Amino acid sequence: MKIIDIHCHIFPEKIANKAVKSIGDYYNISMYGEGTISDLKVQGEKAGIDKFVVHSTATKPEQVKSINDFIAGIINKNSNCIGFATLHPGLVDIEAEIERVMLMGLRGIKLHPDFQGFNIDDEGMMPIYKALEGRLIVLMHMGDENSDASSPQRLARVLDMFPRLTVIAAHLGGYSMWRESMEYLVGRNVYFDTSSSLAFLSRDRAKEMIRKHGVHKVLFGSDYPMWSPLEELERFMNLGFTPEEQNKILWENSSALLKLCIE
285 MKIIDIHCHI FPEKIANKAV KSIGDYYNIS MYGEGTISDL KVQGEKAGID KFVVHSTATK
345 PEQVKSINDF IAGIINKNSN CIGFATLHPG LVDIEAEIER VMLMGLRGIK LHPDFQGFNI
405 DDEGMMPIYK ALEGRLIVLM HMGDENSDAS SPQRLARVLD MFPRLTVIAA HLGGYSMWRE
465 SMEYLVGRNV YFDTSSSLAF LSRDRAKEMI RKHGVHKVLF GSDYPMWSPL EELERFMNLG
525 FTPEEQNKIL WENSSALLKL CIE
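Letter by letter, the sequence shown follows residues 285 to 547 in our numbering.
Given below as structure tokens:
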């Protein structure tokens, strides 16, 4: 069974330790991995993962281009990596950067409202969604214990306004906001990933959410370096889905979304 991990954070070697520590401090958790491409590949090999979607997040507008260049460099050197770019609402020429990352072969955009300082449904985000609609996938961090910037209800408003926007709502639609995800997102025209969810939900609740949303709209993600890809895969396999359902979530859904050739 082939596997795509749709949710992997990586950083340049020289800042990886600092970046990983910062994320761990924010969420008050012990981080698992080093946050480097070399460590991701080692951990992914242990789990039998075939391809990784890699990304990083710009917390300042001036970081956008250098991060996108870094991600493009990674995918050029690693055939098992697919890159998602970053954008920032403070960036002056959003359209030009979207064109640039598309030319570099990046397939989507990772946005993190809580780290980047915006609400999902802020008026200032609307031109970005309009520019991305029908062109690039948006992987949206969802949910936070300390803020509603990335709440499922806010994303639901955006989905209403941009029906052709392809969104992956991370963490089954809302880290620590799974009740709200059930209310506002389950069943909608949006993908979920499994990252940072299966360790916190009961087996029955996770399975219920995935089945109600639709197995064809759920993607496997580990949220490396927060968690071990192997342990996240084991949690998923223990949910009790059929082999056909497992294959959809682990490979087929992501492969079709990313337009990969299934070999």
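Glycine included, each C-beta is placed from N, C-alpha and C at the ideal position. Since this is a predicted model, take the numbers as computed values, not measurements.
When only Cα atoms are considered, residue 507 and residue 527 end up about 23 angstroms apart.
By the Cβ criterion, the region 371–384 is not in contact with the region 305–324, since fewer than three pairs of Cβ atoms, one from each stretch, lie closer than 8 angstroms.
The Cβ neighbour count for residue 484, taken over all protein chains shown within 10 Å, is under 16; the residue is labelled exposed. Shown here, residue 424 sits in a strand according to DSSP, grouped into three states.
The way I'd put it, the region 517–533 does touch the region 475–491; three or more beta-carbon pairs between them come closer than 8 angstroms. Three or more pairs of CB atoms, one per stretch, sit closer than 8 angstroms, so the region 460–472 contacts the region 421–440. For a cut-off of 8 angstroms, the C-beta gap from residue 293 to residue 319 is around 6 angstroms, short enough to register as a contact. Leaving aside the five residues that flank residue 400 on each side, the residues in its chain whose CB is nearer than 8 angstroms to its CB run, in chain order, 341, 342, 343, 372, 373.
Inclusion of residue 405 and residue 442 in the CB contact set at 7 angstroms is warranted, their separation being smaller than that value. Counting the other Cβ atoms within 10 Å of the Cβ of residue 540 gives fewer than 16, which makes it exposed. When DSSP states are grouped into helix, strand and coil, residue 333 belongs to the coil group. Look at residue 406 here: in three-state DSSP terms it is coil, with no helix or strand label. Note that the C-beta distance between residue 323 and residue 332 is not below 7 angstroms. Assignment of residue 474 by DSSP, reduced to helix, strand and coil, places it in the coil class. By the 16-neighbour rule on beta-carbons within 10 angstroms, residue 339 is buried. Residue 536 counts as buried, since at least 16 other C-beta atoms from the protein chains shown sit within 10 angstroms of its C-beta. Cβ-Cβ distances below 8 angstroms link residue 358 to 294, 321, 338, 365, 367 in the same chain, with the five nearest sequence neighbours on each side left out; the list follows chain order. Secondary structure within the region 448–500: the alpha helix (DSSP H) runs of 4 or more consecutive residues, fully enclosed, are 462–468, 487–497 (chain order). Residue 371 carries a coil assignment under DSSP once its states are collapsed to helix, strand and coil. Within the model, the alpha-carbon separation for residue 356 versus residue 335 is close to 15 angstroms.
Selection 398, 363, 412 evaluated against residue 375 yields 412 as nearest (Cα-Cα). Straight-line measurement puts the Cα of residue 345 at about 17 angstroms from the Cα of residue 410. Taking the C-beta atoms as reference points, residue 454 is found nearer than 7 angstroms to residue 425. Ranked by how close their Cα comes to the Cα of residue 287, the residues 498, 446, 504 have 504 in first place. For residue 316, the three-state secondary structure derived from DSSP is coil.
With contacts defined as CB atoms closer than 7 angstroms, residue 514 and residue 330 qualify as a contacting pair.
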